[in-house]
Structures are given as C-alpha cells and as structure tokens.
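Chains as they are written, first to last, in my numbering: chain A, 1 to 95; chain B, 1 to 95. Quick reminder that beta carbons are idealized off the backbone N, C-alpha and C, glycines included.
There are 2 protein chains.
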Amino acid sequence: MPRNKDDNSVYIGRKPTMNYVMAAMMILNKDEDATLKARGRAISHAVDVCEILKNRFLKGTEYKDIRISTEKLESDDGTMNNVSSIEIVLTPPKD
Amino acid sequence: MPRNKDDNSVYIGRKPTMNYVMAAMMILNKDEDATLKARGRAISHAVDVCEILKNRFLKGTEYKDIRISTEKLESDDGTMNNVSSIEIVLTPPKD
C-alpha cells in the first residue's frame with residue numbers, strides 16, 4: 001500500500017521549539033526523511049529546530065534539500081498576500 | 001589581482017527589505033553570484049529579500065546553494081550563545 005508521504009511533514013508554528021524537535025526526531029528514528037515546513041517569521045524557528053536536532057539530539061542528521069518559495073495567502077479581508085516559505089528535508093544519520 | 005569573494009556578501013539585518021534587495025541586485029547585475037547571510041530572526045528576512053528579488057526584480061535569478069549552520073556568539077556578559085545562521089547563494093539569470 002502506498003504511504004502518504006505527507007505524514008512525514010512537520011509544520012512549524014508558535015509552539016515551543018522542543019515540540020517540533022521531538023516530532024521530527026520521531027520520523028527520523030523510523031529511518032525516514034522528515035520535511036519541516038514554515039512560513040513567514042516561523043522560518044527562523046524552523047532553522048533553529050533543525051540545528052538543535054542535528055547538533056544535540058540526533059547527531060549525523062543531514063540536510064538533504066532546502067527549498068524556498070512564495071505562497072499566496074488570503075487574509076481575512078479577502079486580499080491576497082505573498083508570504084515566503086521554506087521546506088527543509090532532513091535525512092537520518094547513516095550508521 | 002585576486003578578487004575578495006566576500007565583496008559579494010550581503011549581511012541581512014534590520015534595515016528595510018528593499019535596501020538588501022538593491023544591494024543583492026547590484027552584485028547579480030555584474031553577472032556574479034551574491035551570498036545573503038543572516039542570523040537568528042533575520043533568517044526570515046533574508047528569505048523574503050531573496051523571494052522579492054527573484055519574483056519581482058530580477059526574474060530568472062536562481063538559488064545556487066542554501067546552507068544552514070550554527071554560530072557561537074559571545075553576549076555582553078561573556079556567556080556563549082548558539083545562534084542559527086543561513087547563507088543563501090543567488091546566481092544571476094542566464095540569458
């Protein structure tokens with residue numbers, strides 16, 4: 001049965017950093033790639049999550065791909081706004 | 001005479017976005033790669049600068065490399081802090 005790849009995405013928001021570190025670590029510990037996604041100001045947060053995970057919790061984790069793009073979001077008053085986004089693909093340590 | 005490659009770096013801080021867009025555009029218009037560097041919260045700002053430049057000002061500009069790492073910074077009281085950093089290498093449009 002085909003897996004839903006999106007199961008391996010972690011959306012970075014305003015929760016504490018360690019929540020996201022743990023979520024990504026659970027995916028990587030299954031020996032699968034994890035994709036961290038963030039928009040706007042949360043982009044800096046996503047980078048922090050990756051670095052803390054990589055340097056302190058799961059050493060040997062590597063960046064497989066980093067993609068930057070722009071998404072259009074509709075605001076409450078119906079106008080469209082551009083917002084930058086990032087997708088960071090982490091791959092588990094090779095033993 | 002060897003060029004100082006660091007001339008082509010743009011350090012992203014708290015100035016208005018367009019200042020950095022213009023600084024990067026001047027480098028790319030010489031048909032050279034530009035490297036945008038940012039730390040901490042300015043990382044989101046760097047991503048915005050790149051996307052605005054790429055989508056509005058110099059279409060065809062591409063991401064050549066995106067590197068994420070951690071730097072140690074000494075704070076005023078002498079303690080060491082880890083701060084995430086990003087380096088985004090932009091390459092000019094190919095005509």
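Counting every other CB atom within 10 Å of its CB across the protein chains shown gives R56 (chain B) a total below 16, marking it as exposed. Taking all protein chains in view, the Cβ of P93 (chain A) is surrounded by fewer than 16 other Cβ atoms within 10 Å, so the residue is classified as exposed. The three-state secondary structure of I68 (chain B), taken from DSSP, is strand. Between Y11 (chain B) and the set B:E32, B:A42, B:T79 and B:M26, the nearest pair of CA atoms involves B:A42. DSSP places I12 (chain B) outside any beta strand (DSSP E), giving it a letter other than H or E. At least one CB of chain A lies nearer than 8 Å to the CB of R41 (chain B). Counting along the chain, the unbroken alpha helix (DSSP H) around E51 (chain A) starts and ends at A42 to I52.
By the neighbour-count definition (other C-beta atoms within 10 Å, threshold 16), R67 (chain A) is an exposed residue. When C-beta distances to chain A are compared with 7 Å, the residues of the stretch 48-67 of chain B below that value are D48, C50, E51, N55, Y63 and I66, in chain order.
In the same chain as A38 (chain A), and ignoring 5 residues on each side of it, the C-beta atoms closer than 6 Å to its own belong to I12, A46 and I86, in chain order. L73 (chain B) counts as exposed, since fewer than 16 other beta carbons sit within 10 angstroms of its beta carbon. Here DSSP, grouped into helix, strand and coil, assigns N81 (chain B) to strand.
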